[in-house]
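Peer 1: My questions all concern the structure below.
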Amino acid sequence: MPELPEVEATRRHLEPVIVGRTIESAAVRRPRMVRRHERPEDFVDRVTGRRIESLDRRGKFLLAPLTGDITWVTHLGMSGRLSIALPGDEEAPHTNVVIHLEGPIEVRLVDPRTFGFVAAWTPDELETMFRGRVGQDALQDLPSARELAQELAGRTAPIKALLLDQRVLAGLGNIYADEILHRAAIRPERPGGSLDPAEIAALRRAIGPVLAAGLRHGGTSLGDLAYLLPDGRTGDFLQRLAAYGRAGEPCRRCGGIIQRTVIRGRSSFWCRGCQF
DNA sequence: AACGATCCCTGTTGGC
DNA sequence: TGCCAACAGGGATCGT
């Protein structure tokens with residue numbers, strides 16, 4: 063499922079192809095995929111005729127500023143995928159939004175579970191939507207250990223839940239949160255405020271390498287809902303996971319058995335032997 | 001304010 | 001073998 067590394071892999075794949083091109087039209091096949099607009103047509107109207115100035119990312123959001131102060135925003139949800147195609151290419155099932163660019167080429171949003179979405183926002187709307195909802199990017203703008211300590215101070219929620227909270231840190235999802243906690247040797251159910259400075263430092267140090275490894279291996283793929291790179295390759299990071307999905311298997315670090323517990327309704331995998 | 005539960009959605013999985 | 005309930009999860013929303 064697309065977390066920060068998968069979204070960044072998508073960004074890097076699309077950027078050289080779509081930046082500088084003008085959006086000629088857009089088609090919304092699943093109205094639900096357009097969020098924060100009164101009508102799906104409002105999204106279409108807002109993006110049509112504008113040129114893509116860049117392709118950026120914040121957390122799991124892809125941001126494409128367009129000429130005329132509108133930003134095309136895309137979130138992949140949990141099963142979303144963006145691909146480049148030529149008009150006439152066979153469409154994958156669940157192709158829910160198609161952006162037609164000059165060329166002509168198409169950007170297709172395929173998303174079976176429709177948890178993803180697109181929107182087109184003004185700078186004010188973007189600011190309003192992100193303020194209080196999306197924190198600093200976990201890869202490009204990682205907060206210092208001191209800043210993290212301030213975020214965690216006094217918090218009673220499990221550190222796992224806080225890592226998933228996009229306001230604390232933007233970009234982590236269930237898989238990478240578990241991997242980061244394993245690398246940092248911290249149990250997921252520990253109250254955020256119970257972490258001492260050394261543990262917070264270890265947690266912070268674990269974030270970069272885990273995300274970089276995910277990015278290096280092309281993202282994580284899970285079964286048939288596999289995250290697919292835009293050109294169709296599957297990532298091989300799944301086989302390299304240390305904790306996620308490995309309940310009952312031996313820990314690669316200490317040989318202990320990986321446990322599965324449910325935190326905030328989400329599966330959490332951790333090692334009883336080396337996470338404290 | 002912080003926290004936890006619930007809901008949305010559909011393809012896959014696992015148990016009988 | 002076949003069927004169906006359970007499961008997966010990011011983010012919005014709501015109740016406490």
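Residue numbers for the first sequence follow my numbering, beginning at 63 and rising by one. For every residue, glycine included, the Cβ atom is placed at its ideal position computed from N, Cα and C.
What residue range is occupied by the uninterrupted beta strand (DSSP E) comprising Pro127?
Peer 2: As a working mapping, residue 127 is identified with position 65 in the first sequence. Phe123 to Leu128 is the extent of the beta strand (DSSP E) around Pro127.
Peer 1: List the endpoints of the continuous alpha helix (DSSP H) containing Phe105.
Peer 2: For the purposes of this step, residue 105 is taken as the residue at position 43 of the first sequence. Per DSSP, the continuous alpha helix (DSSP H) segment holding Phe105 begins and ends at Pro102 to Val109.
Peer 1: Alpha helix (DSSP H) containing His244: first to last residue?
Peer 2: The residue given as residue 244 occupies position 182 in the first sequence. Counting along the chain, the alpha helix (DSSP H) containing His244 begins and ends at Asn236 to Ala246.
Peer 1: If we count Cβ pairs, one from each stretch, closer than 8 angstroms, do we get three or more for the segment 101 to 119 versus the segment 223 to 230?
Peer 2: With the cut-off at 8 angstroms, the segment 101 to 119 and the segment 223 to 230 do not touch.
Peer 1: Once DSSP output is grouped into helix, strand and coil, what is the label at Ser256?
Peer 2: As a working note, residue 256 is residue 194 in the first sequence. DSSP places Ser256 in helix when its eight states are reduced to three.
Peer 1: Grab me the residues of Ile325's own chain with a C-beta within less than 8 angstroms of its C-beta, minus the 5 sequence neighbours each way, in chain order.
Peer 2: Counting from 1 along the first sequence, the entry for residue 325 is found at position 263. Only Pro220, Lys222, Ala223, Pro250 and Glu251 meet the Cβ criterion.
Peer 1: Quick check on this structure: which residue in Gly307, Cys336 and Val69 has the alpha carbon closest to the alpha carbon of Leu201?
Peer 2: Start at 1 with the first residue of the first sequence, and residue 201 comes out as number 139. Ranking Gly307, Cys336 and Val69 by Cα distance to Leu201 puts Val69 first.
Peer 1: Suppose the cutoff is 6 angstroms on Cβ atoms and the five residues either side in sequence are ignored; what does the same chain contact list for Pro67 look like?
Peer 2: Here residue 67 is taken as the residue at index 5 of the first sequence, counted from 1. These residues qualify, in order along the chain: Leu273, Gly276, Leu277 and Gly281.
Peer 1: Using the three-state DSSP reduction, which class does Gln321 fall into: helix, strand or coil?
Peer 2: Position 259 of the first sequence, counting from 1, holds the residue named residue 321. Here Gln321 sits in strand by DSSP.
Peer 1: Could you check whether the segment 206 to 214 touches the segment 299 to 314, counting it as contact only if at least three pairs of C-beta atoms, one from each stretch, sit closer than 8 angstroms?
Peer 2: no
Peer 1: When every heavy atom of the ligand HEM is checked, does at least one fall within less than 6 angstroms of the C-beta of Ala268?
Peer 2: Of the ligands one can find in the structure shown there are none, so the ligand HEM has no counterpart to examine.
Peer 1: At the level of alpha carbons, what is the spacing between Thr129 and Arg120?
Peer 2: Position 67 of the first sequence, counted from the first residue, corresponds to residue 129. Position 58 of the first sequence, counted from the first residue, corresponds to residue 120. Approximately 20 angstroms between the Cα atoms of the pair.
Peer 1: Could you give the C-beta distance for Arg175 and Gly139, rounded to a whole number, given that I count them as a contact under 8 angstroms?
Peer 2: Your numbering for residue 175 matches position 113 in the first sequence. Your numbering for residue 139 matches position 77 in the first sequence. Confirmed, about 7 angstroms.
Peer 1: Report, in whole angstroms, the separation of the C-beta atoms of Thr84 and Leu163, which I expect to be a contact under 8 angstroms.
Peer 2: Indexing the first sequence from 1 puts residue 84 at position 22. Indexing the first sequence from 1 puts residue 163 at position 101. Their Cβ separation, rounded to whole angstroms, is 7 angstroms, which keeps Thr84 and Leu163 in contact under 8 angstroms.
Peer 1: Just list the alpha helix (DSSP H) runs in the segment 156 to 232, keeping only unbroken ones of 4 residues or longer that don't cross its boundaries, in chain order.
Peer 2: 185 to 192, 207 to 214 and 221 to 226
Peer 1: Below 8 angstroms on the Cβ atoms is my contact criterion, and I expect Arg108 with Ile132 to pass it. Report the Cβ-Cβ distance as a whole number of Å.
Peer 2: Within the first sequence, residue 108 is the residue found at index 46, counting from 1. Within the first sequence, residue 132 is the residue found at index 70, counting from 1. The C-beta distance from Arg108 to Ile132 rounds to 5 angstroms, short enough to fall under 8 angstroms.
Peer 1: Can you pull the DSSP bridge partners for Thr72?
Peer 2: By one-based count along the first sequence, residue 72 stands at place 10. In DSSP, Thr72 forms no bridge with anything.
Peer 1: Would you call the CB atoms of Gly307 and Gly318 closer than 7 angstroms?
Peer 2: For the purposes of this step, residue 307 is taken as the residue at position 245 of the first sequence. For the purposes of this step, residue 318 is taken as the residue at position 256 of the first sequence. No; because the gap between Cβ atoms is not below 7 angstroms, this pair is not in contact.
Peer 1: Helix or strand or just coil, what does DSSP make of Ala147?
Peer 2: Stepping through the first sequence from its first residue, residue 147 is reached at position 85. If DSSP states are grouped into helix, strand and coil, Ala147 belongs with the strands.
Peer 1: Apply the 10 Å Cβ neighbour rule to Ser330 and answer buried if 16 or more other Cβ atoms are within range, or exposed otherwise.
Peer 2: The count along the first sequence starts at 1 and reaches residue 330 at position 268. Under this definition Ser330 is a buried residue.
Peer 1: Tell me the DSSP bridge mates of Phe338?
Peer 2: As a working mapping, residue 338 is identified with position 276 in the first sequence. Answer by DSSP bridge pairing: none, since Phe338 is not bridged.
Peer 1: Would DSSP call Thr282 helix, strand or coil?
Peer 2: Your numbering for residue 282 matches position 220 in the first sequence. Interpretation of Thr282 is limited by its pLDDT of 49, a score under 50 that renders its predicted location unreliable; the figure taken from the coordinates is listed afterwards. In the structure shown, Thr282 sits in coil (DSSP, three-state: anything other than H, G, I, E or B).
Peer 1: Between Val196, Cys316 and Gly327, which has its C-alpha nearest Leu124's C-alpha?
Peer 2: Start at 1 with the first residue of the first sequence, and residue 124 comes out as number 62. Ranking Val196, Cys316 and Gly327 by Cα distance to Leu124 puts Val196 first.
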